[in-house]
Amino acid sequence: MRYHLAPLYCRPWTLNGISPRLIESHYENNYGAVLNRLNTVSEEIEQLDLGKTSDQTLARLKRDEMAALNSTLLHELYFASMGGDGRVLPDDVASAIANDFGSVDRWRQEFVGIANGLAGGSGWVLLTYVPRDGRLINQIASEHDQGIAGSVPILALDMYEHAYHLEFGANASAYVAAFMRNIDWSAVKLRYEDAIKVAPPRGLEQKQFADVPSISVEEVSAMLKSGTPVQIIDTRPKHYSSKAQDIMEGAVWRDPERLDDWIGTLSKTEPVVTFCVYGFHIGCETASALRKAGFDARYMSGGHFAWKAIKGPVRLFE
Ligand SMILES: [Fe+2]
């Protein structure tokens with residue numbers, strides 16, 4: 014595959030305190046070089062005789078390819094991050110940032126602090142959208158191949174020395190300040206709008222029990238902490254429970270196959286939470302059966318192991 018050069022997005026002569034000379038050198042000598050390296054490596058991979066190539070060689074080339082590709086993409090984002098006046102944030106971007114960082118000022122402090130912390134070293138500072146959580150986060154990418162999986166960077170600051178040394182020498186903080194004065198927030202806004210269209214990772218599908226309401230382990234934990242009355246039933250199958258060593262604190266074990274024997278002990282005025290080992294079949298089935306009998310029942314998603322994963326208290330199961 015041949016990767017094509019992207020034109021320089023920002024207009025270097027309009028930048029405030031960052032000279033055309035610096036941008037030209039960066040674009041030509043660093044961005045250009047990495048794009049060429051990317052094409053060389055990907056061509057090399059395409060031409061490999063895989064039957065005769067060692068796995069180590071292939072892995073090394075793939076690592077080189079990924080670093081070069083990521084450096085290419087981040088440089089394009091970096092050049093596209095400047096060209097504005099850095100001050101005025103469009104309302105929706107300002108409110109998204111305030112929502113995720115407390116305030117725009119706090120975001121700025123964190124972003125600049127991270128960048129200054131990288132001075133003398135190298136890396137990227139990125140403002141990144143994480144579709145899983147629907148939120149923005151500032152991140153460091155120390156190497157070109159470090160990114161938050163599945164995330165979408167929308168603003169990039171290059172802290173490799175080549176990005177500033179020519180003009181700023183060791184005065185990295187002056188370079189960071191100049192970058193901040195040139196952020197093109199209207200372009201960030203467009204990238205943010207594109208980023209939030211990315212769907213979060215698909216959640217667990219419980220097709221068979223789609224109509225049975227669930228409750229998260231965090232919600233159950235909050236109920237217990239606040240003293241909300243709730244009847245928690247561990248319905249791990251008998252063959253499993255006979256080997257189990259622990260049980261969720263606050264839960265009682267009941268054999269899911271003998272529902273009729275114990276359903277009469279439950280109160281209809283208090284909510285019921287059922288769970289099994291991982292939160293699939295049995296817990297859902299029991300919650301469904303209890304709902305049909307008129308109980309306010311939900312299954313705890315993720316089951317026993319989700320409870321343990323949030324370090325929920327357990328006791329010895331005898
Ligand atoms: Fe760079």
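Just so you know, the sequence shown maps onto residues 14 to 331 in the working numbering. A virtual CB, placed ideally from N, CA and C, is assigned to each residue, including glycine.
Cβ distance (whole Å) where residue 48 is taken to contact residue 36 below 8 Å: Stepping through the sequence shown from its first residue, residue 48 is reached at position 35. Stepping through the sequence shown from its first residue, residue 36 is reached at position 23. Between residue 36 and residue 48 the Cβ distance is about 16 Å, and since that is not below 8 Å, they are no contact.
Would the region 231-247 count as touching the region 171-186 if we require 3 or more Cβ pairs under 8 Å? Inter-segment contact for the region 231-247 and the region 171-186 is absent: fewer than three beta-carbon pairs are separated by less than 8 Å.
Residue 349 and residue 164 closer than 8 Å at C-beta: The question about residue 349 has no answer, for the chain in this structure spans 14 to 331.
Could you spell out the range, first to last residue, of the alpha helix (DSSP H) harbouring residue 36? By one-based count along the sequence shown, residue 36 stands at place 23. 33-38 is the span of the alpha helix (DSSP H), which, as asked, contains residue 36.
By Cβ distance, which residues of its chain are closer than 6 Å to residue 268, with the 5 residues on each side in sequence left out? For this step, residue 268 is matched to residue 255 along the sequence shown. Taken in chain order, the residues that qualify are 251.
Report the three-state DSSP secondary structure of residue 243 (helix, strand or coil). As a working note, residue 243 is residue 230 in the sequence shown. Coil, per DSSP.
Is residue 310 close to ligand 1? I mean its beta-carbon at under 7 Å from any heavy atom of the ligand. Sequence index remark: in the sequence shown, residue 310 carries index 297 (1-based). Residue 310 Cβ: outside cutoff for every heavy atom of ligand 1.
N- and C-terminal bounds of the alpha helix (DSSP H) containing residue 92: Taking the sequence shown and counting its residues from 1, the one referred to as residue 92 is at position 79. Here the alpha helix (DSSP H) through residue 92 covers 68-94.
Identify whether residue 52 lies in helix, strand or coil by the three-state DSSP scheme. Position 39 of the sequence shown holds residue 52. In this structure, residue 52 counts as helix in the three-state DSSP scheme.
Curious, which full-length beta strand (DSSP E) runs of at least 3 residues does the region 282-312 contain? 285-288
Under 7 Å: does the beta carbon of residue 13 sit that close to some heavy atom of ligand 1? The requested residue 13 is not part of the displayed model; the chain covers only 14 to 331.
For ligand 1, which residues count as neighbours when the test is a C-beta closer than 5 Å to any heavy atom? This criterion selects 43, 171, 173 and 176.
What does a CB cutoff of less than 7 Å around residue 106 pick up in its chain, not counting 5 residues either side in sequence? As a first step, residue 106 must be located in the sequence shown, where it is residue number 93. Correct list, in chain order: 198, 201, 202 and 205.
With distances taken between CB atoms, is the gap from residue 225 to residue 312 smaller than 8 Å? Position 212 of the sequence shown holds residue 225. Position 299 of the sequence shown holds residue 312. Yes, the pair counts as a contact, with Cβ atoms nearer than the cut-off.
Could you tell me how far apart the beta carbons of residue 128 and residue 172 are, in whole angstroms, since I believe they sit closer than 8 Å? Numbered from 1 along the sequence shown, position 115 holds the residue referred to as residue 128. Numbered from 1 along the sequence shown, position 159 holds the residue referred to as residue 172. Sure, about 6 Å apart at Cβ, within 8 Å.
First and last residue of the alpha helix (DSSP H) that includes residue 152? Here residue 152 corresponds to residue number 139 of the sequence shown, with the count starting at 1. No alpha helix (DSSP H) holds residue 152; the beta strand (DSSP E) holding it covers 148-154.
Count the other CB atoms, across all protein chains shown, that sit within 10 Å of the CB of residue 100; report buried if there are 16 or more and exposed otherwise. Working through the sequence shown from its first residue, we reach residue 100 at position 87. Result: exposed.
Out of 290, 298, 60 and 330, state which residue places its alpha-carbon closest to the alpha-carbon of residue 320. Taking the sequence shown and counting its residues from 1, one reaches residue 320 at position 307. Measuring from the Cα of residue 320, the nearest candidate turns out to be 290.
Measuring CA to CA, which of 259, 258, 244 and 255 is closest to residue 275? Reading the sequence shown from its first residue, position 262 is the one you call residue 275. Checking every option, the nearest Cα to that of residue 275 belongs to 244.
Among 86, 30, 77 and 14, which one has its Cα closest to the Cα of residue 391? An answer regarding residue 391 cannot be provided, because it is not within the stretch 14 to 331 covered by the chain.
Reduced DSSP category for residue 227 - H, G, I as helix; E, B as strand; rest coil: For the purposes of this step, residue 227 is taken as the residue at position 214 of the sequence shown. Strand.
Which whole-angstrom value is the C-beta distance of residue 78 and residue 55, which I expect to be below 8 Å? Taking the first residue of the sequence shown as position 1, residue 78 is located at position 65. Taking the first residue of the sequence shown as position 1, residue 55 is located at position 42. Going by Cβ atoms, the distance from residue 78 to residue 55 rounds to 6 Å, so yes, they are a contact pair.
List the endpoints of the continuous beta strand (DSSP E) containing residue 111. For this step, residue 111 is matched to residue 98 along the sequence shown. Not the beta strand (DSSP E): residue 111 falls in the alpha helix (DSSP H), residues 104-114.
Across which residues does DSSP place residue 141 in a beta bridge pair? Locating residue 141 in the sequence shown gives position 128, counting from the first residue. Here residue 141 is bridged, per DSSP, to 150 and 166.
Does the separation of the CB atoms of residue 249 and residue 294 fall below 8 Å? Working through the sequence shown from its first residue, we reach residue 249 at position 236. Working through the sequence shown from its first residue, we reach residue 294 at position 281. For residue 249 and residue 294, no; Cβs fall outside 8 Å.
Run through DSSP, which three-state label would residue 329 get? To locate residue 329, count along the sequence shown from 1; it is residue 316. If DSSP states are grouped into helix, strand and coil, residue 329 belongs with the strands.
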